[in-house]
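Residue numbers (our numbering), protein chains in the order written: chain A, 99 to 302; chain B, 99 to 302. Virtual Cβ for every residue (Gly too), placed ideally from N, Cα, C. These numbers come from a predicted model, not from an experiment.
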DNA sequence: CGGGTGACTTGACACTGTCAAGTGATGCTG
DNA sequence: CAGCATCACTTGACAGTGTCAAGTCACCCG
């Protein structure tokens, strides 16, 4: 009982080969032919299944959003209070991004994916649903959506800065230190949101 | 009196051609040969100057960081109070990213650039210097660096989400609406930081 | 048995990055 | 002024790439 309806195996194998290739050599080196070689099929087989290089990458990205969705769902259910839950969600996003940097990178690289794939759109929306729900519990309902998106941007920005080594460079830390720093910053932000929500300044 | 020491023209022309190509067709279509064609030189001329496709893209990225640096410097000097200055800086970052999405995208795409180019590293560090200075004026000195980086992540995340149309998709807005939303979210964040800084909860 | 449909393969094309080897001008040296 | 080195490219070639048209082969429905 997986999220997809049991593909005929070759397609699945190709997809796995694509993910492996992506993780090993980065998205630029994911060529239809390299994936075909790795999966042991002819050079045009991937095009047969996915239509396109973009189609193949899109399939990988959709898969990535499904994985992100379960990661966030798990984090959301195991956090204790609502504020702990909120922070846990952010950390889960961060960890997913830092554990699978190549996939995360691809997932948000519209220019490499098929322009308006509906599966991609819904997968993305579904993955973010838990965040919305949790944020609504922390701040008031009226501002929930805005804070949810802002929080998403915080986590997303941290992932990007760590992944591209920008953070390590500016803060003069190694990559592990950068990840730790990102964790701390997210905590800082979460605490700030909770404090601000308990004592709303003028709005409301 | 430019930031670079008057290149012999051909190199400059190539660089301009590369930027144009990047803005028109996205980073994937920036090929050495296409740039050469656009600049009206032989197909190997770009490689002669930049060594590499990565070298050429890196030159474009360094240029981008220089532009970002002046944009942030201007914004920093025209904001009125320190909090207004802080917000102005964030908006300038946001606007730069949304006005030049392709260049901004490239600037943080380490995997496409030359791995440890010193010019790139210093250009990046210099561009972010104003943010550090302004943040130090808003929150206490001890936490300044952390808040500066967090703020950077916020702006960076918002740019990424708007650029990749993720924000428009989730919030069900068109691209212009998404940019406006990003502006508002940045204001929300800036106000929160200012409020939190004036009444620090427990730390400190 | 017969035909059609899906799952590939084969072969070709234009395009790409990169390299080795040129060519000509410019400037320095003796 | 002669010779020579260096720069700023060009020319030509190679392997690898995405994509397309056509082919092969197995299987299923009737």
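request  = Could you give the DSSP three-state label for residue 176 of chain B: helix, strand or coil?
outcome  = Counted from its first residue, the second chain places residue 176 of chain B at position 78. Helix, per DSSP.
query = Does the Cβ of residue 99 of chain B have 16 or more other Cβ atoms within 10 Å, making it buried, or fewer, making it exposed?
reply = As a working note, residue 99 of chain B is residue 1 in the second chain. Reliability fails at residue 99 of chain B, whose pLDDT of 41 lies under 50, so the model's placement of it is uncertain and no value is given.
ask   = In this structure, does DSSP put residue 142 of chain B in helix, strand or coil?
value = To locate residue 142 of chain B, count along the second chain from 1; it is residue 44. It is coil, neither helix nor strand.
query = Which chain B residues are close to residue 248 of chain A, counting only those with a beta carbon under 7 Å from its beta carbon?
reply = The sequence position of residue 248 of chain A within the first chain is 150, counting from 1. Within 7 Å Cβ-Cβ: 283, 286, 287.
ask   = Should residue 172 of chain B be counted as a contact of the ligand NAD given a C-beta to heavy atom distance under 7 Å?
value = Of ligands this structure carries none, so the ligand NAD is not represented either.
query = Do you know whose CA, among B/146, B/224, B/143, B/186, lies nearest residue 282 of chain B's CA?
reply = Counting from one through the second chain, the residue named residue 282 of chain B turns up at place 184. Minimum Cα distance to residue 282 of chain B is reached at B/186.
query = I think residue 242 of chain A touches residue 229 of chain A, with their Cβ atoms under 8 Å apart; what is that distance to the nearest whole Å?
reply = Looking up residue 242 of chain A in the first chain gives position 144. Looking up residue 229 of chain A in the first chain gives position 131. In fact, because the Cβ distance is near 10 Å, the residues do not count as touching under 8 Å.
query = In the structure shown, what three-state DSSP assignment does residue 271 of chain A receive?
reply = To locate residue 271 of chain A, count along the first chain from 1; it is residue 173. In this structure, residue 271 of chain A counts as coil in the three-state DSSP scheme.
inquiry  = Quick check for students: name the residue ranges of the alpha helix (DSSP H) that lie wholly in the segment 147-216 of chain A, counting only runs of 4 or more.
reply    = 151-176, 180-197, 199-205
ask   = If you measure from the beta carbon of residue 174 of chain A to each beta carbon in chain B, is any gap under 8 Å?
value = Residue mapping note: residue 174 of chain A aligns to position 76 of the first chain, counting from 1. Put simply, the CB of residue 174 of chain A is far from chain B, with every gap to its CB atoms at 8 Å or more.
ask   = Under a Cβ-count criterion, where at least 16 other Cβ atoms within 10 Å of its own Cβ denotes burial, should residue 273 of chain A be classed as buried or exposed?
value = Counted from its first residue, the first chain places residue 273 of chain A at position 175. So residue 273 of chain A counts as exposed.
inquiry  = Using a Cβ-Cβ cutoff of 7 Å, what residues of the segment 153-165 of chain B are near chain A? List them in chain order.
reply    = Those residues of the segment 153-165 of chain B that come within reach of chain A (Cβ to Cβ, closer than 7 Å) do not exist; the list is empty.
key: For residue 129 of chain A, three-class secondary structure by DSSP   = Translated into positions along the first chain, residue 129 of chain A becomes position 31. Note: residue 129 of chain A maps to coil in three-state DSSP.
task = Could you tell me whether the Cβ of residue 242 of chain B comes closer than 8 Å to any Cβ of chain A?
result = For the purposes of this step, residue 242 of chain B is taken as the residue at position 144 of the second chain. Any Cβ of chain A closer than 8 Å to the Cβ of residue 242 of chain B would place that residue at the interface, and such an atom is absent.
message = Assuming contact is defined by CB atoms lying nearer than 8 Å, are residue 249 of chain A and residue 260 of chain A in contact in what I supplied?
response = Residue mapping note: residue 249 of chain A aligns to position 151 of the first chain, counting from 1. Residue mapping note: residue 260 of chain A aligns to position 162 of the first chain, counting from 1. No, the pair does not count as a contact, with Cβ atoms beyond the cut-off.
request  = Could you tell me which chain A residues have their CB closer than 7 Å to the CB of residue 256 of chain B, listed as they occur along the chain?
outcome  = On the second chain, position 158 is the one that residue 256 of chain B refers to. Within chain A, the residues near residue 256 of chain B are 251.
ask   = Under 8 Å, do residue 192 of chain B and residue 280 of chain B count as touching if we go by C-beta distance?
value = Locating residue 192 of chain B in the second chain gives position 94, where the first residue counts as 1. Locating residue 280 of chain B in the second chain gives position 182, where the first residue counts as 1. Yes, the Cβ-Cβ distance between residue 192 of chain B and residue 280 of chain B is below 8 Å.
key: Proximity test, Cβ basis, 8 Å: residue 209 of chain B and chain A   = Here residue 209 of chain B refers to the residue found at position 111 of the second chain. Yes - at least one Cβ of chain A is within 8 Å of the one on residue 209 of chain B.
request  = Just the C-alpha distance for residue 143 of chain A and residue 168 of chain A, rounded to the nearest angstrom, thanks.
outcome  = For the purposes of this step, residue 143 of chain A is identified with residue 45 of the first chain, where counting begins at 1. For the purposes of this step, residue 168 of chain A is identified with residue 70 of the first chain, where counting begins at 1. Cα atoms of residue 143 of chain A and residue 168 of chain A: separation of roughly 30 Å, rounded to the nearest angstrom.
key: For residue 243 of chain B, the three-state DSSP class (helix, strand or coil)   = By 1-based counting over the second chain, the position of residue 243 of chain B is 145. Correct three-state label for residue 243 of chain B: helix.
query = What is the rounded straight-line gap between the Cα of residue 221 of chain A and the Cα of residue 117 of chain A?
reply = Your numbering for residue 221 of chain A matches position 123 in the first chain. Your numbering for residue 117 of chain A matches position 19 in the first chain. Taking the straight line from one Cα to the other gives about 17 Å.
message = Taking its Cβ as the centre, do 16 or more other Cβ atoms sit within 10 Å of residue 175 of chain A, making it buried, or is it exposed?
response = Stepping through the first chain from its first residue, residue 175 of chain A is reached at position 77. The residue is exposed, with fewer than 16 neighbouring Cβ atoms inside 10 Å.
task = Would you list, in chain order, the members of the segment 256-280 of chain A that have their beta-carbon closer than 7 Å to a beta-carbon of chain B?
result = 256, 258, 259, 262, 263, 264, 265, 267, 268, 269
ask   = Does the beta carbon of residue 109 of chain B come closer than 8 Å to any beta carbon on chain A?
value = One-based indexing of the second chain puts residue 109 of chain B at position 11. No, because no Cβ of chain A sits closer than 8 Å to the Cβ of residue 109 of chain B.
ask   = By a C-beta neighbour count over all protein chains shown, 10 Å radius and 16 as the cutoff for buried, is residue 165 of chain A buried or exposed?
value = Locating residue 165 of chain A in the first chain gives position 67, counting from the first residue. Residue 165 of chain A is buried by the Cβ-count criterion.
Nearest-angstrom Cα separation, counted from residue 123 of chain B out to residue 269 of chain B = As a position in the second chain, residue 269 of chain B is number 171, starting the count at 1. As a position in the second chain, residue 123 of chain B is number 25, starting the count at 1. Computed Cα separation, rounded: 27 Å.
message = Counting only beta-carbon separations shorter than 8 Å, does residue 134 of chain B have a partner in chain A?
response = As a first step, residue 134 of chain B is located in the second chain; it is residue number 36 there, counting from the start. Chain A, which has no Cβ nearer than 8 Å to the Cβ of residue 134 of chain B, makes this no.
inquiry  = If you measure between the beta carbons of residue 306 of chain A and residue 263 of chain B, is that distance less than 8 Å?
reply    = What the structure shows of chain A is the stretch from 99 to 302, and residue 306 of chain A is not part of that stretch, so it cannot be assessed.
inquiry  = Output needed for residue 147 of chain B: all residues of its chain with C-beta closer than 7 Å, excluding positions within five of it in sequence on either side, in chain order.
reply    = Here residue 147 of chain B refers to the residue found at position 49 when the second chain is read from its first residue. Contacts found: 109, 112.
ask   = For residue 170 of chain B, which option in B/237, B/188, B/278, B/267 has the closest C-alpha, if you only look at C-alpha atoms?
value = By one-based count along the second chain, residue 170 of chain B stands at place 72. It is B/188.
query = For the candidate residues B/196, B/257, B/163, B/258, whose alpha-carbon lies nearest to that of residue 227 of chain B?
reply = Within the second chain, the letter at position 129 stands for residue 227 of chain B. If we check each option's Cα against that of residue 227 of chain B, B/163 comes out closest.
request  = For residue 218 of chain A, collect the residues of the same chain with a Cβ closer than 8 Å to its Cβ; drop the 5 residues on either side in sequence, then sort them by chain order.
outcome  = Counted from its first residue, the first chain places residue 218 of chain A at position 120. Contacts found: 156, 159, 160, 163, 211, 212.
task = Confirm, please, whether the CB-CB distance from residue 288 of chain B to residue 184 of chain B is below 8 Å.
result = Position 86 of the second chain holds residue 184 of chain B. Position 190 of the second chain holds residue 288 of chain B. Contact: yes.
key: Beta-carbon neighbours of residue 57 of chain B, restricted to chain A and to distances below 8 Å   = The requested residue 57 of chain B is not part of the displayed model; chain B covers only 99 to 302.
request  = Kindly indicate which three-state DSSP category residue 122 of chain B falls into: helix, strand or coil?
outcome  = To locate residue 122 of chain B, count along the second chain from 1; it is residue 24. Residue 122 of chain B falls in the helix class under three-state DSSP.
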